[in-house]
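Encoded as structure tokens, the structure appears first; notes follow it.
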Amino acid sequence: MNGSMLRSHGPTPAAVGMHREGTHREGNGHALHAPVLVLNASYEPINVCAARRAIVLVLKGVAMTEEENGHFLHAARLAIRVPSVIRLLEYRRIPHQTRALSRKNILLRDRNTCQYCAEVLPSSELTLDHVVPRSRGGASTWENLVACCHSCNRQKGNQFPDVRMTSGASTSFTSFEFPVSSF
Ligand SMILES: [Zn+2]
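Note that our numbering has the sequence shown beginning at 1, numbered continuously upward.
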């Protein structure tokens, strides 16, 4: 199974404040849950994870930031720029790309972990979330579908931080589209 690093739960900056440049604290919840595009070492998009996990991957030296979303994360004396795109430093083979795109396989890929709050739940308590909502043109693809708990799903609704809309990274999604007949 791929992605053990992507799905690892390292120390997360849960107790830190976060604010956008020039404004004061707006609470850490929203920004830490912002979707971050994960690229393979070869620059192929392979996954989407929450910002807090992306930061952990960068801090662990597993990935590097390719783009930032303009937020800072403040922890002790440290100010960390929040990424919108990260890239793994080591190439990772992605076996799931040949599998049928299905709810079951996406939950499997995400190890039954909500990709926004990192909670591990039984399949019955997880749903699939379109990171870019369908109403905004988000496709039903491996890259745009993630496991999501009902609570995060409700919270997110149709919101979508505009990071990916402006990053240009979304264009690379088209090369990864899968038929959704298996739904
Ligand atoms: Zn959740």
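All C-beta atoms, glycine included, are put in the ideal place defined by N, C-alpha and C.
Under 8 Å between C-beta atoms, does residue i make it to chain C?
i      : result
Leu121 : Chain labels in this structure do not include chain C; a single protein chain is all it has.
Quick check on residue i: does DSSP put it in helix, strand or coil?
i      : result
Leu121 : coil
Val131 : coil
Arg93  : coil
Val82  : strand
Ala139 : coil
Cys148 : strand
Ala100 : coil
Ala63  : strand
Ala50  : strand
Ala75  : strand
Arg111 : coil
With a Cβ-Cβ cutoff of 8 Å, do residue i and residue j count as a contact?
i      : j      : result
Leu107 : Asn40  : no
Val48  : Ile86  : no
Gly138 : Val131 : yes
Glu119 : Cys148 : no
Phe72  : Ala79  : yes
Asp129 : Asn105 : no
Could you round the C-beta distance between residue i and residue j to whole angstroms and report it? I think they count as a contact, below 8 Å.
i     : j      : result
Arg77 : Thr65  : 20 Å between Cβ atoms; not a contact.
Ala50 : Tyr116 : 5 Å
Glu68 : Ser42  : Actually they do not touch by this definition, with Cβ atoms about 21 Å apart.
Skipping 5 residues on each side, what residues in its chain have a beta carbon closer than 7 Å to that of residue i?
i      : result
Ser123 : Leu107 and Asn112
Leaving out five residues before and five after residue i in sequence, what residues of the same chain have Cβ atoms less than 8 Å from its Cβ?
i      : result
Glu125 : Cys149 and His150
Query - At least 3 beta-carbon pairs within less than 8 Å: the stretch 111-118 vs the stretch 82-94 - result: no
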